[in-house]
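Contents: one structure, followed by commentary.
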Amino acid sequence: MVEVTRRLLRTPQGALGAAVLAVVALVCLFGPLIAPYDPEQMDFLGRFAVPGAHHWLGADQLGRDEMSRLLYGARATVPPALLATLAGTLAGAIVGTLAAFAGGRWDEAIMRTIDAVMAIPGLLIALLVASTLGAGEGGALLAIAIAFAPGMARITRSVALAVRQEDYVAAAIARGETGLRIVFAEMLPNALAPVVVESTIRVAFAVMLMATLSFLGVGAQPPASEWGLMVSDGRGYLHDAPWLVIVPGLAIGITAIGFNLLGDGLRDALNPRGER
Amino acid sequence: MTPLLDIAGLTLDYRTRSGTVRVLDNVSLSVAPGEVLGIVGESGAGKSSLAMAIMGRLAGNARLTGGTIRLGTDDLAAQTARAMRRIRGRRIGMVFQNPATSLNPTLTLGRQIVEVLVRHRGLTAGAAWREAASWLERVELRHAAELMRRYPHEASGGEKQRVAIASAFAPQPELVLFDEPTTALDVITGARVLDLFRRLRAETGVAGLYISHDLGLVARVADRVAVMQRGRIIESELPRRIFAMPAQDYTRRLVDAVPRPQNRLVQDEPASAELLCAEAISVSYGRRRLFRSRSAKGISGLGFSIREGEILGVVGESGSGKSTLARALAGLVARSGEIRLEGVPVTRMGRDYRRAVQIVFQHPDSSLNPRQRVCDLLARPLCLYGGSTGDIPDLLRQVNLPPEYASRWPHQLSGGEKQRVAIARAFAARPRLVICDEITASLDASVQAVTIALLLELRRRYGTAYLFITHDLNLVRQIAHRLLVMRHGTLVDQIAIGTLGTGREHEYTRQLMAASPTPVGEETRT
């Protein structure tokens, strides 16, 4: 683990991604402490204030300070996206490894079901789930996890199929281990590396999907300062106050790029050819 | 006579993250026209790097730091990439280890030879096609015209290697490099390819460099044998003299490690009590799918028994079903037929059976979970079969590994050490029978000898029986009490080792024996 981190920080993408995400993490942790205003404090005289000395990043249609909203909003945006990805990855990885271990008809049945689910675009599934569960952050989180799981299951299965052929799995069967133990102790740890890489890249998607769901009105609800919701709120004033869209949009973009870079770096760091 | 290939003081380094590694250290050798020089050495000795240096096909991180490679009067190390492309194939032919990967799968076999002929001998397509067909006949391939229209996946391993040999010889090169050309083939096919090489050599008078890890094999084809160790050539001699009086300790170890059937390592006879009896064992392979299931026969109708403490050898070509038999007995594949353990029929592969019958696999890299330390690997069987983790140091000592190895990861062990951990894991269950599935096939000859000695020591201590699967007839004749000979998934012969060579063996067993001759210079003693 330490070794992987060291190698990760040695790759240029990994180091840059880690740096970007460190800033994002700091904002999530300490954002409310450094925010100059209460994000929900309205000021009718300061509506659409242009970015300047008073409001560094301007103010929105209700006169709320854009920077404070951004700093508070990080907590509403990034951790749920991470959590959703983690849940989706874990569920997918377990289903995928089980399918690979069971093989035969079980494998076929599981994978065809996943094919069917994957035929529906992720956003549509997320919308469906979120609207069924009712608008809100919890629904959006679950929706994203469900939208991600089939893809992760597919990736994990393809890796786990190769792991299934390894003799240490045969050795475990020959010594009479239970199926669950083989899946969790022998196969999953060896199938996880590419899955971890994929999931870091997926976090970026989750951030954007989260924003999209809020934008479409089934995610976070006003007056929350979730970044996607901020873009959605600001789009009506694109002409007069473009910063209302640009600022949270940039925040989403930078976070997504951070995760993407980290994923690229991890892929290099976990590559066995880099070892020894 | 001026040498055809003359290498002087060749030094080659690989630059890696952890520093520079010297793979060839001041290597000097020469090959006279028409001479075949054999190069033997264990894995990592630098044999393949030497071949690649001659071909000018070194990896990107390789640096030639000194020495010259002369082919006739040309210095190969000083040639441009463009000039080397004309020398490769035209003046130096090469035959690789694995014909499955050295032929282009998208071209017909004919095209692969025709291309070489058009490129290097400037023939027209029609003339090249006729020439290629005649070459395929020279490498003893029947129906050459029909074979030329086939793709590599439609030919057998032996056929493919013959095509590769034909395309190496067809441009009439001065020198042919062979890099372990029979290692990927089964015994009988390999022996025939070797015969072919000797015949072609006599016909064409081509010089050769024959690289192999198998000293016994090199000695049969080469005029002179050079022994490589850690990037150096430590000895160069006539094959007979290498076997009779090796000058270096290392060479002596290599010579001693060549298995000789007359050198029996097991003197005792096993007890008469029957340990395991198998009747009409059949396995069919296939994928059970949701809609259409397909199946193919793996092995069918095998019946045999193993006595307490007996070593039962299983030999046969690749694809004969040896490993399938091992997997059926270990309960890794579904089978039909009856297995009795000490007279009790085994219906379900229960805990008692699994404990009594353990398996060790061919590739130690694959049989140890890379994400578990040695102690975790050994703890599982101990915990399943009533041992305690306190036994781990004893288990390691039993296989001659220091107890400190418990905290190591598999990638920190050498191949032989990994295989010993796998053996320790099998013995953790205190088994009555251990199935050894080609367990020394991926090890160097000297490591193989040590591993075999360890197995015999464990047998002396615990009276364990072995089902010893191998393709190496000479090796199994040293240790087995009886032999099962398999072919195409069936048992063709079941014979006591003592009666081998008395004429009572099956015709196919005799072919196998003929394909595994004893070392040069020692024929008289068999």
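From first to last, the protein sequence lines are chains A and B.
Note that our numbering numbers the first sequence so that position 251 is 1386, with each residue one more than the last.
Note that our numbering numbers the second sequence so that position 435 is 1640, with each residue one more than the last.
Beta carbons: idealized from backbone N, C-alpha and C, even for Gly.
| task | Report yes or no: is there a C-beta of chain A within less than 8 Å of the C-beta of R1730(B)? | result | Note that R1730(B) scores 40 on pLDDT, short of 50, meaning its location in the model is unreliable and no value can be drawn from it.
| Which residues bound the alpha helix (DSSP H) around M1718(B)? | 1712-1720 is the extent of the alpha helix (DSSP H) around M1718(B).
| request: Tell me R1275(B)'s beta-bridge partners as DSSP assigns them. | output: D1211(B), D1280(B)
| query | Between D1368(A), T1335(A), V1338(A), which lies nearest to S1349(A) when the distance is taken from Cα to Cα? | reply | D1368(A)
| message | Helix, strand or coil for P1550(B)? Go by DSSP, reduced to three states. | response | strand
| request: Please report how far the alpha carbon of W1334(B) lies from the alpha carbon of Q1302(B), in whole angstroms. | output: 26 Å
| task | Keeping to the same chain, check which residues put their C-beta closer than 7 Å to that of L1391(B); ignore five residues upstream and five downstream. | result | A quick correction: the sequence has Asp, not Leu, at residue 1391(B). So the qualifying residues of the chain are E1522, S1523, H1676.
| Residue from R1585(B), L1269(B), W1340(B), M1289(B) whose Cα sits closest to the Cα of E1321(A) | R1585(B)
| request: Under 8 Å by Cβ, that's how I've got L1672(B) and I1640(B) pegged, so tell me the actual separation to the nearest angstrom. | output: 5 Å
| Distance CB(N1679(B))-CB(R1465(B)) smaller than 8 Å | Taking 8 Å as the Cβ cut-off, N1679(B) and R1465(B) qualify as a contacting pair.
| message | Buried or exposed, going by whether 16 or more other CB atoms sit within 10 Å of the CB of I1255(A)? | response | exposed
| Can you list, in chain order, the residues of the segment 1633-1646 of chain B whose Cβ is nearer than 8 Å to any Cβ on chain A? | A1634
| query | Under a three-way DSSP split, which group does T1221(B) fall into? | reply | Reduced to three states, the DSSP call for T1221(B) is strand.
| query | Taking the Cβ atom as the reference point for each residue, do L1802(B) and I1308(A) lie within a distance shorter than 8 Å? | reply | Here chain B covers residues 1206 to 1731 and nothing more, so residue 1802(B) does not appear.
| Buried or exposed by the 16-neighbour rule on C-beta atoms within 10 Å, applied to V1368(B) | buried
| said: Tell me which residue opens and which closes the beta strand (DSSP E) that T1695(B) is part of. | reply: 1695-1701
| request: Mind the definition here: the segment 1304-1317 of chain B touches the segment 1347-1359 of chain B only if three or more C-beta pairs lie below 8 Å; say whether that holds. | output: yes
| query | Any contact of the segment 1206-1213 of chain B with the segment 1234-1249 of chain B, i.e. 3+ C-beta pairs under 8 Å? | reply | Yes: the two stretches touch, three or more of their Cβ pairs being nearer than 8 Å.
| In the segment 1353-1434 of chain B, which residue ranges form an unbroken alpha helix (DSSP H) of at least 4 residues, counting only runs that do not cross its ends? | 1362-1374, 1392-1409, 1420-1426
| query | Going straight from the alpha carbon of T1394(B) to that of L1717(B), what length do you get? | reply | 10 Å
| task | For S1417(B), count neighbouring Cβ atoms within 10 angstroms of its own Cβ and tell me buried if that reaches 16, exposed if not. | result | buried
| query | Beta-carbon of I1295(A) versus every beta-carbon of chain B: anything under 8 Å? | reply | The question names Ile, yet the displayed sequence has Ala at residue 1295(A). Chain B contact via Cβ: absent.
| message | On a Cα-Cα basis, can you pick out the residue from P1358(A), M1365(A), L1379(A) that is closest to Q1176(A)? | response | Of the candidates P1358(A), M1365(A), L1379(A), the one whose C-alpha sits nearest the C-alpha of Q1176(A) is P1358(A).
| said: With a threshold of 7 Å on Cβ separation, who are the neighbours of R1613(B) within its own chain once the five nearest residues in sequence on each side are excluded? | reply: R1578, V1579
| task | Check the DSSP bridge columns for M1691(B) and list the partner residues they point to. | result | For M1691(B), which the question treats as bridged, DSSP gives the partners G1521(B), L1696(B).
| Beta carbon of L1143(A) nearer than 8 Å to that of L1401(A) | yes
| said: So that I know if they touch, is there some Cβ in chain B lying closer than 8 Å to that of G1311(A)? | reply: Interface annotation, G1311(A): in contact with chain B, CB-CB separation under 8 Å.
| query | Is it the case that the Cβ atoms of L1229(B) and L1242(B) are separated by a distance below 8 Å? | reply | no
| field | 7 Å Cβ cut-off: residues of chain B touching D1302(A) | value | F1566, H1568, S1571, S1572
| CB contact flag (P1607(B), L1573(B), <8 Å) | no
| task | Using DSSP bridges, identify the partner residues of T1216(B). | result | G1271(B)
| Opening and closing residue of the beta strand (DSSP E) in which G1298(B) lies | 1297-1300
| field | Interface residues of chain B facing P1324(A) [CB-CB closer than 7 Å] | value | R1576
| message | Taking the beta carbon of G1409(A) as the centre, do at least 16 other beta carbons fall within 10 Å, making it buried, or is it exposed? | response | Its pLDDT being 44, under 50, G1409(A) is placed unreliably by the model, and nothing is read from it.
| query | Within 8 Å (strictly less), CB to CB, does A1267(B) reach chain A? | reply | no
| Extent of the continuous alpha helix (DSSP H) to which F1165(A) belongs | The continuous alpha helix (DSSP H) containing F1165(A) extends over residues 1147-1169.
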